[in-house]
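Structure first, commentary second.
Here it is, written out as structure tokens:
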């Protein structure tokens, strides 16, 4: 698995793609030495060395480098008159997100949004809460003099947590303890996400909802045999995923 880049390029205003007419400020953030920043525009060194924050005055593709932390991802700054913008930063399952269609110094009417070419209607597109199927290519259109459309923007929705895996003994001895673990760590992009764990036997809730990923029975009997599953939910319940069935037969 590729490691996440430790140098990040922050946008102010925090929308992407950024546009010149917003007076965009870029801030290079990372674990390297503050003030030891090199900037690049369109792949070439840009004369802003040593500054951690810069005001962008030209369109192009920007990135920064900090000694000890490496390069940031590339951030485009456009000079288009019509643009669809997405909140900057990683988008995860369960997030409430609004996409906006904006025109430079113009009031547009008949605004439309499109997802993979499908007309979604409406003047503002809210996606609460995000699910993986909301990812894909979006663009918008609007009328000023004539109807125009924006460039496409790719929206990537990342997992808040993976499908859980339920682990435990399949043939415990009668009278022995039963310990099951529901493994589904939160995304490193949201490591403190509050997750709830629920445990089921043959479809009936036997444990949770609880913060702990473990289910414990001090001493099992034959009645504890059955098909066990676990479910992980986000704190608000907007994201839910279930494990495969684990067959437990008490001997």
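In UniProt numbering, the protein residues as written are 1 to 251.
Note that the Cβ used here is the ideal one computed from N, Cα and C, for glycine as well.
Could you give the C-beta distance for residue i and residue j, rounded to a whole number, given that I count them as a contact under 8 Å?
i	j	result
residue 238	residue 92	Actually they are not in contact, since the Cβ atoms of residue 238 and residue 92 sit about 11 Å apart, beyond 8 Å.
residue 109	residue 143	5 Å
residue 178	residue 167	Not quite, the Cβ-Cβ distance comes to about 12 Å (not below 8 Å), so this is no contact.
residue 163	residue 241	5 Å
Assign residue i to one of two classes, buried (16 or more other C-beta atoms within 10 Å of its C-beta) or exposed (fewer than that).
i	result
residue 58	exposed
residue 116	exposed
residue 127	buried
residue 9	buried
residue 66	buried
residue 173	exposed
residue 154	exposed
residue 76	exposed
residue 229	buried
residue 37	buried
residue 197	buried
Using alpha carbons as the reference points, say which of the options lies closest to residue i.
i	options	result
residue 130	105, 94 and 118	94
residue 265	82, 190 and 224	The structure shown does not extend to residue 265, since the chain is modelled only from 1 to 251, so the question has no answer here.
residue 232	224, 200, 225 and 137	200
residue 102	219, 78 and 70	78
residue 105	86, 80, 98 and 212	80
residue 247	160, 170 and 12	170
residue 137	118, 14 and 54	118
Who pairs with residue i in a beta bridge, going by DSSP?
i	result
residue 110	The partner list for residue 110 (beta bridge, DSSP) is empty, contrary to what the question assumes.
residue 179	216
residue 87	15
residue 147	143
residue 119	114
residue 125	99
residue 157	91
residue 239	None; residue 239 has no bridge partner.
residue 136	155
| request: Counting only runs of 3+ residues fully inside the segment 195-233, write out the beta strand (DSSP E) ranges in chain order. | output: As summarised for the segment 195-233, the continuous beta strand (DSSP E) elements at least 3 residues long and confined to that stretch are 195-201, 204-210 and 214-217, given in chain order.
| task | Entirely within the segment 1-85 and at least 3 residues each: give me those beta strand (DSSP E) ranges in chain order. | result | Those beta strand (DSSP E) runs which fall completely within the segment 1-85 and span 3+ residues are 8-12, 25-29, 37-41, 44-46, 53-55, 60-66 and 75-78.
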